[in-house]
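Heads up, the thing below is written out as structure tokens.
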Amino acid sequence: MSTSTGIMNPMQPPVNRPAPNRRRPGLTLPLPQRDPSLAVPLPLPPSNNSLPASSAAAAQTPNYADLDRIKRVGSGAGGTVYMVRHRPTNRTYALKVIYGNHEEAVRRQICREVEILRTADNPYVVRCHGMFDNAGEIQVLLEFMDGGSLDGRRLPEPLLADAARQILQGLAYLHRRKIVHRDIKPSNLLVNNQNQVKIADFGVSRILAQTMDPCNSSVGTIAYMSPERINTDLNHGSYDGYAGDIWSLGLSILECFLGRFPFPGIGRQGDWASLMCAICYSPPPEAPPTASKEFRSFIGCCLQKDPARRWTAAQLLTHPFITQASSPLQHPNSCSGTSSHSLAHG
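In terms of UniProt numbering, the sequence shown opens at residue 1 and continues consecutively.
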């Protein structure tokens with residue numbers, strides 16, 4: 001084929017990247033006194049920035065007493081997620097119970113973050129419906145995704161192109177709103193039975209991570225962190241959270257293609273020193289020669305050691321790997337029913 005394939009050079013520096021994310025100043029507004037024996041929606045402190053309220057954000061948080069726990073659907077170092085049903089409406093939600101008794105400064109930050117998340121209204125971002133304080137335990141009510149996550153999947157390029165398109169649309173939306181995820185990984189990319197892929201587990205996790213060692217295993221593995229986030233000397237002490245999200249996205253998409261963690265000879269649960277050496281000092285992983293040149297180029301645009309050379313989410317949406325995909329995925333009820341046509345489990 002000729003060289004005029006439309007494949008863009010991953011070494012071409014992107015432009016118009018948002019300014020690096022800055023940590024929001026701590027709030028001084030005290031939380032009202034609460035009866036710890038009751039579970040009530042936490043009051044939300046005022047925002048420093050005016051954010052447009054969506055119709056979803058304006059909806060009243062369901063009453064905690066009306067929620068029935070159906071089953072546990074996931075757990076980790078930070079908390080447990082339950083499938084719950086709202087009795088008055090028979091609607092299903094996910095309830096994330098965050099471990100630990102958090103000091104007031106952290107609780108105020110979490111309240112502010114939930115306020116921001118409740119205004120997020122995008123089809124590719126898991127919706128936050130509210131937050132409760134149950135005897136000092138923080139619980140966040142979220143949209144329920146019934147198809148599992150991308151963790152442990154090995155997907156062909158057509159499925160990956162459609163999944164990447166959806167994730168990028170959600171990520172571009174968050175970045176336009178100056179929200180950095182900081183924990184993009186396959187297990188945080190959730191699927192429903194309509195083959196929609198949505199970004200989950202941001203905001204509250206980011207606030208909690210800021211109160212601890214950013215590489216502490218109790219917060220999460222460093223496996224998907226960008227090199228400059230792990231070792232700030234690599235980028236003159238500067239960390240661009242938007243570019244960090246792109247690195248994590250590229251690594252996650254490549255993992256779904258390979259069916260394994262992309263750095264050779266090490267797993268994502270490897271020890272801290274081995275992961276740091278691989279991420280910071282090894283060449284970035286590449287898609288194999290058997291992959292299409294569009295996919296190889298796409299991964300190259302994400303996994304640049306220099307964060308200034310990584311493409312933004314908005315730019316990646318224009319990449320041929322995304323734009324030249326044959327068509328969006330069919331919904332399970334309109335396809336042949338074979339698992340190769342569906343991202344959702346079951």
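Note that CB positions come from ideal geometry on N, CA and C, so glycine has one too. In this text the structure is predicted, and so the values were computed from the model without any measurement.
My output table needs one value for residue i: the three-state DSSP class, helix, strand or coil.
i           : result
residue 324 : coil
residue 141 : strand
residue 64  : helix
residue 188 : helix
residue 271 : coil
residue 94  : strand
residue 196 : coil
residue 124 : coil
residue 75  : strand
residue 296 : helix
residue 148 : coil
residue 241 : helix
residue 233 : helix
residue 261 : coil
residue 69  : strand
residue 276 : helix
residue 181 : coil
residue 56  : Bear in mind that the predicted position of residue 56 carries a pLDDT of just 42, short of 50, making it unreliable; the figure below should be weighed with that in mind. Reduced to three states, the DSSP call for residue 56 is helix.
residue 201 : coil
Relative to the alpha-carbon of residue i, which residue among the options has its alpha-carbon at the smallest distance?
i           : options               : result
residue 188 : 125, 155 and 236      : 125
residue 143 : 109, 155, 169 and 196 : 196
residue 72  : 292, 146 and 247      : 146
residue 262 : 287, 273 and 245      : 287
residue 98  : 138, 245 and 313      : 138
residue 272 : 75, 224, 240 and 117  : 224
residue 68  : 82, 260 and 74        : 82
residue 319 : 148, 117 and 161      : 161
residue 75  : 84, 96, 85 and 65     : 96
residue 246 : 324, 107 and 303      : 303
residue 258 : 186, 194 and 244      : 186
residue 295 : 276, 241, 251 and 86  : 251
residue 348 : 169, 198 and 113      : With the chain covering only 1 through 346, there is no way to say anything about residue 348.
residue 274 : 222, 233 and 191      : 222
Buried or exposed: residue i, going by 16 or more other Cβ atoms within 10 Å of its Cβ?
i           : result
residue 115 : buried
residue 111 : buried
residue 103 : exposed
residue 307 : buried
residue 165 : buried
residue 315 : buried
residue 297 : buried
residue 256 : buried
residue 236 : exposed
residue 123 : exposed
residue 278 : buried
residue 47  : Because the pLDDT of residue 47 is 37, which lies under 50, any placement of that residue in the model is unreliable, and the number read from its coordinates should be weighed accordingly. That one is exposed.
residue 92  : exposed
residue 300 : buried
residue 183 : buried
residue 62  : buried
residue 233 : exposed
residue 163 : buried
residue 79  : buried
residue 89  : exposed
residue 130 : buried
residue 313 : buried
residue 244 : buried
Residue i CB to nearest chain C CB: under 8 Å?
i           : result
residue 128 : Looking at the structure shown, chain C is missing, and only one protein chain is on hand.
**Message:** Three or more C-beta pairs under 8 Å: does that hold for the region 278–293 against the region 173–183?
**Reply:** Pairwise C-beta distances place the region 278–293 out of contact with the region 173–183, as fewer than three of them are shorter than 8 Å.
**Asked** So, do the region 153–166 and the region 226–239 have three or more beta carbon pairs nearer to each other than 8 Å?
**Response** Result no; under three Cβ-Cβ pairs closer than 8 Å.
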